[in-house]
Amino acid sequence: MSAALDPLPPSLSGPEVRFAYREHGPGVARVQLAHDVPGLPHRLTRRGRTWELVAPRPDVGRLEYQFELIDRAGSSEWIVDPKNPLRASGPWGEKSVLELPEYEAPAWLEAEPVGAAQAVVLPSRILRAELPALLWAHPGADESSPLLVVHDGPEYAEHSSLLTLLGELPPLRAVLLAPVDRDETYSASARYARALAEELLPSFGPA
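Those letters in the sequence shown? Residues 0 to 206, per numbering that gives the first Met the number 0, in order.
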């Protein structure tokens, strides 16, 4: 399957939003709109070579989405909307972005980042592993300042302007932890909790 050569961008018409994908060549059996917005349908309807979804405007100001192209064998290919130039990066690739007229970007996005993050590796005997991490502190923070622990932290720093936001908060320290094994680490792992409580957090002083 290949991306459409002449796709149609998302559009608004009164109380409705329209997504469309124009296929080029055979092979596409179904097209889904991949998103995380409650109440917004997923399945596009085929009209000739154009796949279309028309739905009530969701109660959000901004949404991220991809097209999932499914062939006759059931295999999927996930693509951004080729005609929509507005994109957002993420740990699993880019997504297309639709900003509705009422959307206003948070004011703090315009702020200049303060402080600098230091990349470190944190050894853990309990996990039998080393955790990549970023250490950050507000210029006004000291060892008695609150400590914020951010799981998946390096990805939040890379893709969501987290460090800019932290600079807008009262002075604090932050440790941005990357997972060793995502499925294990973020599944209420008792071993990971013990490593945090007994090894990792004590190494940063009072929290």
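Yeah, the Cβ is synthetic: ideal placement off N, Cα and C, and Gly gets one too.
- prompt: Between the segment 86-105 and the segment 39-50, are three or more C-beta pairs nearer than 8 Å?
  reply: no
message: I'd like to confirm the pairing. Which residues does DSSP put opposite T44 in its beta bridges?
response: E51
task: Would you decide whether P168 is buried or exposed? Buried here means 16 or more other CB atoms lie within 10 Å of its CB.
output: A quick correction: the sequence has Leu, not Pro, at residue 168. Exposed, since its Cβ has fewer than 16 Cβ neighbours within 10 Å.
- request: Would you list, in sequence order, the uninterrupted alpha helix (DSSP H) runs of no fewer than 4 residues that lie entirely inside the segment 114-169?
  value: DSSP runs (the alpha helix (DSSP H)) wholly in the segment 114-169: 152-158 and 161-165.
- prompt: Would you report the Cα separation of P6 and G26, rounded to the nearest angstrom?
  reply: Below a pLDDT of 50, predicted positions are generally treated as unreliable, and P6, at 46, falls in that range; the measurement from the model is reported next regardless. Taking the straight line from one Cα to the other gives about 16 Å.
- prompt: Does DSSP put A3 in a helix, in a strand, or in coil?
  reply: Residue placement at A3 is flagged as unreliable, the pLDDT there being 41, under the threshold of 50; the coordinate-derived value follows with that caveat. Coil, per DSSP.
query: Which of helix, strand or coil does DSSP assign to Y191?
result: If DSSP states are grouped into helix, strand and coil, Y191 belongs with the helices.
- prompt: If L130 sits next to A177, beta carbons under 8 Å apart, how far is it from one beta carbon to the other, in whole angstroms?
  reply: 6 Å
task: Within its chain, find whatever has a CB closer than 6 Å to the CB of G204; leave out the 5 residues flanking it on each side and keep chain order.
output: E142
message: Is it buried or exposed, Y64, if we count other Cβ atoms within 10 angstroms and call 16 or more buried?
response: buried
task: Please report how far the alpha carbon of S186 lies from the alpha carbon of P84, in whole angstroms.
output: 36 Å
field: Three-state class that DSSP yields for P84 in the structure shown
entry: Coil, per DSSP.
task: Return yes when the Cβ of V30 is within less than 8 Å of the Cβ of L62, no when it is not.
output: no
- prompt: I think A28 touches D70, with their Cβ atoms under 8 Å apart; what is that distance to the nearest whole Å?
  reply: Confirmed, about 6 Å.
- prompt: Along the chain, where does the beta strand (DSSP E) that runs through E183 open and close?
  reply: No beta strand (DSSP E) holds E183; the alpha helix (DSSP H) holding it covers R181 to T184.
- prompt: Quick one: Cα of D182 to Cα of Y20, how far?
  reply: Roughly 34 Å separates the two Cα atoms.
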